[in-house]
Amino acid sequence: MVWLWSVFKQTRIKGKIRPMEKTTLYKENSEGKGDLTLLFWYADLPGVWNFIDPLFSGRDKGNGGNRAHYENPELENLFSKVRNSDSLSLESEATQALRILLRENPWIFLWSPYEAFLISEKAKRYSNLEDYL
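Sequential numbering from 4 applies to the sequence shown in our numbering.
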């Protein structure tokens with residue numbers, strides 16, 4: 004978060020960072036409020052469509068997964084085709100979808116290999132937690 008704020012300052016982007024609880028964040032996302040949302044998502048399902056569809060589908064805007072409220076008619080046609088297909092071989096459609104997303108860039112992809120967390124002083128006395136700290 005500090006790094007992101009320093010980038011904003013360097014580029015003279017003015018803004019306000021508002022950390023909030025998930026319920027408030029989800030409420031504001033569903034209302035289309037806010038210009039930037041930072042969330043974590045770990046890959047838990049195989050296949051590109053398990054990510055492309057909920058994240059970029061026009062029918063899933065807001066808390067459905069598409070927090071950017073992005074919509075593209077060409078991509079919506081691909082979603083419809085894939086949802087109605089019995090085929091297990093949808094590489095061509097996936098490639099088309101990824102090309103559209105790369106061209107339009109509805110997100111700024113940020114990634115960090117580091118995780119930040121706070122630990123209570125009381126928790127530090129448990130030696131079996133050392134592998135996780």
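C-beta atoms are modelled at their ideal positions from N, C-alpha and C, and glycine is treated no differently.
Simplified DSSP assignment, three categories, for residue i
i	result
ASN69	strand
LYS30	helix
ASN87	coil
ASN75	coil
VAL51	coil
THR98	helix
ILE103	helix
TRP6	helix
ASN80	helix
ASP56	helix
LYS12	helix
Paired residues, beta bridge with residue i - DSSP
i	result
LYS64	ASN69
Pair within 8 Å by beta-carbon distance, residue i and residue j
i	j	result
ARG70	ASN32	yes
PHE54	LEU104	no
LEU78	ALA97	no
VAL85	TRP52	yes
PRO76	GLY67	no
HIS2	GLY35	Residue numbering for the chain in the displayed model covers 4 to 136; residue 2 lies beyond these limits and cannot be assessed.
Environment of residue i [buried if 16+ CB atoms lie within 10 Å]
i	result
ASP89	exposed
Distance, residue j Cα to residue i Cα
i	j	result
ASN80	LEU93	14 Å
GLY65	TYR29	8 Å
PHE82	GLY37	27 Å
ARG21	SER95	41 Å
Residue-chain proximity (residue i, chain D), Cβ-Cβ < 8 Å
i	result
LYS12	The question asks about chain D, but that chain is absent: this structure has only one protein chain.
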